């Protein structure tokens, strides 16, 4: 419902649920525009116009086109002139588009559209943010405790221009529809309004612009969906913004795809994990079961966050470029991939490249410049970097040379480009930039230019999925420790820092958008195995992430072989079935249990801190998961029995069923037989060691299609790695 006085939204209503999902436009403004210089009239907005005033609001309805036109015509030159077109585009949604003319003497740098929809805190059931992979569902307590969160798309904290919420059991969402090649940055989020209106918040959606005096600007279409559940709105964003048409990762990689799916990412920090020269480290590769995706880090002079963009030649303590090439060739010869770390976006002031800038060029000329036209600097511990302008010709030339090094000097399979997917949008007043809002567009152009080198990045956002291979990062990034009984989703991670512990849950917004377009990983620089923590492995299974390991040397006391084995088994039994597969379903089956379905593979995740969840013959451990495929060829999970917790993988290969338990005590195994086996079959159960030799064999009779036996790890002087069940002949 719109006001006939100024066109502001009075009420946004889910007719199917019969409830209001928004109290309308804050201050009655449907739109707003802000100039760069604060002043008494630095703001234009729809609520400043009236039907009878000098600054006039009028409207007209085109019945044939089902289109409402709102016109805002100012009498003076301090307000922007505007036209809003509202089209009834479908049974559950409508589109809005804003055209502005800047009649002031200063640029318009922010456009609020739709401007600040009001939410009653007590009526919010859930809210959904495309922030911190895989995405976030805000709990009611986020609003009731007067919290706020905003971030600017694109970046890790806003990876899609999309917002949704449920209120009073009704549903609402809106998002930009932009299929052009041009990015339009937008600040999005939910802002507490307690100081102005008790018990209220509002939805933030503010385009970042640079409309010069006398200039005109047209927004993307904003599609408002009312009454559609959030997953339907997410999939609508995928379709409406062309993401569904992006090539599938299988198409991008061709014959490499199946092999990469079997490869855990192995972080190889030369200062932390490797700690030896390139050629000496080659022998450590023999501890890696091929294939692995080896990720060399901190190999350049002085280590991580130093010397950018000069990654080659490497630090002399590890060897020269020839030695690095020998390392990469040895990895390839053993069946591994190599993906070196680089960061093209921020350079070191004391790097050789910056010290030797040509023709009297200065750092200032290539740096991103802030609104005051000064270079921007960033600080990472003791290290200083400065973001470079991606449009500057020298920056482009130097980065092309850097990328060529990974095809000529040290040929590799993949290249990791740090921060392209995580970096916040920046104002860039460098004269090489087309306009101050184009910063992220420049990095998207760079990403597209080098897509043939198979790129991965930190975090990630929607448009990078068109040409990229992998996104690395989650809301768990930065977690100091995991203790499921004490704190869900780890302690001190980015999710808790941003939203507050107990006020959020992960929600797979980007996997719903692009799980068939890229592979997802935990952060590439994590200092722990993803298979060490029960909760991280559950997170990976629920949201379709690949497994991450650490380089096998230099991790004494940190990397337990049983956990490495578990992670590798999951990569090659479960991740190969969900990697690159569309996420078809995600739902809460209870307040603490989620169900994800990737094609034929289903995952139940038990997020409860203390309560097991019943599943088939088992009980899923608190913080654990169960994953199985529809064909009955695999079941993996964490199950609780009277003997303890068991991390179990059950696989069927033809007429044999293999049962592995890398982690956990001996247990009374109960295995459901395939439907095509006799329900009362007589079976052989054989214990095999790591070399595949039989240690023991027993004959067991199934009852009602279930076989039960004692799974023992130690049998005399031998150690069982797995048990194999076959029909007695």
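Numbering (the working numbering), first residue to last: 5 to 733.
Glycine included, C-beta positions come from ideal geometry on N, C-alpha and C.
Please read all numbers here as calculations on a predicted model, not as lab measurements.
By the 10 Å Cβ neighbour count, where 16 or more other Cβ atoms means buried, how is residue 560 classified, buried or exposed?
Here the model assigns residue 560 a pLDDT of 47, short of 50, so the residue's position is not dependable and the matter cannot be decided.
Nearest-angstrom Cα separation, counted from residue 106 out to residue 538:
55 Å
Tell me the DSSP secondary structure of residue 330 in three-state form.
helix
When you compare only the Cα positions, how much space is there between residue 648 and residue 622?
12 Å
What separation, rounded to the nearest whole angstrom, lies between the Cα atoms of residue 311 and residue 359?
11 Å
Environment of residue 378 [buried if 16+ CB atoms lie within 10 Å]
exposed
Answer with buried or exposed for residue 462, where buried requires no fewer than 16 other C-beta atoms within 10 angstroms of its C-beta.
buried
Inspect the beta-carbon positions of residue 299 and residue 272 and report whether they are closer than 8 Å.
yes
For the alpha helix (DSSP H) that residue 444 lies in, which residues bound it at each end?
443-453
Is there a Cβ from chain D that is less than 8 Å from the Cβ of residue 117?
Annotation note: the requested chain D is absent from the structure, which comprises a single protein chain.
Can you tell me whether residue 708 is buried or exposed? The criterion is at least 16 other CB atoms within 10 Å of its CB, across all chains shown.
exposed
Tell me the rounded alpha-carbon separation between residue 67 and residue 74.
15 Å
Would you grab the beta carbon distance between residue 258 and residue 294 for me? Rounded to a whole angstrom, and I think it's under 8 Å.
The Cβ separation is near 19 Å, so there is no contact.
Looking only at DSSP bridge pairs, what is residue 350 linked to?
391
Helix, strand or coil at residue 280 according to DSSP, with G and I counted as helix
coil
What ranges does the alpha helix (DSSP H) occupy inside the region 71-117, keeping only unbroken runs of at least 4 residues that lie completely in it?
none
Just to confirm my understanding: we take residue 540, look at its own chain, exclude 5 residues before and 5 after, and list those with CB closer than 6 Å. What are they?
534
Just checking, does the region 115-131 make contact with the region 444-464 on the three C-beta pairs under 8 Å criterion?
no
Compare the beta carbon distance of residue 585 and residue 519 with 8 Å and say whether it is the shorter of the two.
yes
Could you work out which residue in 12, 664 and 544 is closest to residue 638 when comparing CA atoms only?
664
Looking only at C-alpha atoms, which of 536, 129, 93 and 84 sits nearest to residue 69?
93
For residue 407, the three-state DSSP class (helix, strand or coil):
helix
Going along the chain, which unbroken runs of the beta strand (DSSP E) with 3 or more residues stay wholly within the region 673-713?
686-692 and 698-705
If you reduce the DSSP assignment to three classes, tell me which class residue 343 lands in.
coil
What are the uninterrupted segments assigned as beta strand (DSSP E) that are 3 or more residues long and contained completely in the region 281-308, given in chain order?
297-301
Residue 65 lies in the beta strand (DSSP E); which residues open and close that run?
60-66
Going by the DSSP bridge assignment, what does residue 209 pair with across the sheet?
192
If the criterion is Cβ atoms closer than 8 Å, does the pair residue 642 and residue 615 meet it?
no
Residues that residue 650 bridges to, as DSSP identifies them:
643
Test item: CB-CB of residue 472 and residue 416 under 8 Å
no
Whose C-beta lies closer than 8 Å to the C-beta of residue 206 among residues of the same chain, with five residues either side of it excluded?
30, 120, 121, 122, 123, 194, 195 and 197
Would you kindly report the start and end of the unbroken alpha helix (DSSP H) that includes residue 518?
513-518
Less than 8 Å between the CB atoms is what I'm expecting for residue 283 and residue 323, so what's the real figure, rounded?
6 Å
Among 152, 116, 113 and 114, which residue has its Cα nearest to the Cα of residue 131?
152
Unbroken beta strand (DSSP E) runs of length 3 or more, entirely within the region 457-535: which are they?
459-462, 474-476, 485-487, 491-495, 508-510 and 523-525
Enumerate, from N- to C-terminal direction, the unbroken beta strand (DSSP E) stretches of 3 or more residues contained entirely within the region 552-613.
552-554, 587-594, 597-602 and 605-610
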